[in-house]
Each structure stands twice: as structure tokens, then as C-alpha cells.
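The next block holds one structure in the form of C-alpha cells; read it before the comments.
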Amino acid sequence: MQRHKIRALYDAPQREPGLFGQVVRVQGWVRTKRAGKKFSFIELNDGSSVRNLQLVAGNEAFDEELLRRIGTGAAIGATGTLVASPKPEQPIELQVQALEL
Numbered sequence: 000m001q002r003h004k005i006r007a008l009y010d011a012p013q014r015e016p017g018l019f020g021q022v023v024r025v026q027g028w029v030r031t032k033r034a035g036k037k038f039s040f041i042e043l044n045d046g047s048s049v050r051n052l053q054l055v056a057g058n059e060a061f062d063e064e065l066l067r068r069i070g071t072g073a074a075i076g077a078t079g080t081l082v083a084s085p086k087p088e089q090p091i092e093l094q095v096q097a098l099e100l
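Residue numbers for the sequence shown follow numbering that gives the first Met the number 0, beginning at 0 and rising by one.
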């Protein structure tokens, strides 16, 4: 699957509204990670933009050891569905279906 740059994903709502609801692939470095009871929230940056992309990963869908190894500075790849974020300060987020460390 073709890799999308984070900058292109943020530009997409104006140029390509068809990306919403589509499966996309991103790669980059973890800036921060927060683990909740049901979800892990990973802020990813690939250097194409100063903005990070929030990845939302369901804890039950991934190996606990993999999620534990993903921390600040880790290089990861993620594939998932691009959706509008419920938070107004970030317009988009990625609902993760596959993670690679």
C-alpha cells in the first residue's frame, strides 16, 4: 500500500474529500503515546509537517507487548481508516488497523 505523508492528509479535506473513510498508510516517529483502558493514542510525525497525526489503536486489537514497545522516538508504520476527529483542535485522526515497529 502506498504511504501517505501527514501533510498531504491534512491538506486532503480541501483537495480530496474522498480520503475520509479510506484506508491509508503512514510512517513516522512517535512523538507521544498515551495508553487508556480501551485505547492507545499515538501522536505520529513524519517530518512533512509540524503537525502530528493522532493514531487511535484499540488495545484489544494489538499484542500487548507491541503496544508496550511503542514509545517516544520509535519508528512505526500504521495502516487504518482516516476519519474526522471529535476534538475541534485536530481535524483528523487515524483509526489503526495494523501497526509495525
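Beta carbons: idealized from backbone N, C-alpha and C, even for Gly.
**Message:** Tell me which residue opens and which closes the beta strand (DSSP E) that E92 is part of.
**Reply:** 91-99
**Asked** Who are the Cβ neighbours of N48 in its own chain at under 7 Å, not counting the five residues just before and after it?
**Response** For clarity, residue 48 is Ser in the given sequence; the question names Asn instead. Cβ neighbours of S48 beyond the five flanking positions: I5, R6, Y9.
**Item:** Separation of P87 from D62, as counted between CA atoms
**Value:** 31 Å
**Prompt:** How should E92 be labelled, buried or exposed, when 16 other C-beta atoms within 10 angstroms of its C-beta is the threshold for buried?
**Reply:** buried
**Prompt:** Exposed or buried, A77, counting other C-beta atoms within 10 Å across all chains shown (16 or more means buried)?
**Reply:** buried
**Asked** Helix, strand or coil for I69 per DSSP?
**Response** coil
**Prompt:** Smallest Cα separation from R50: which of P85, I75, W28, N58?
**Reply:** W28
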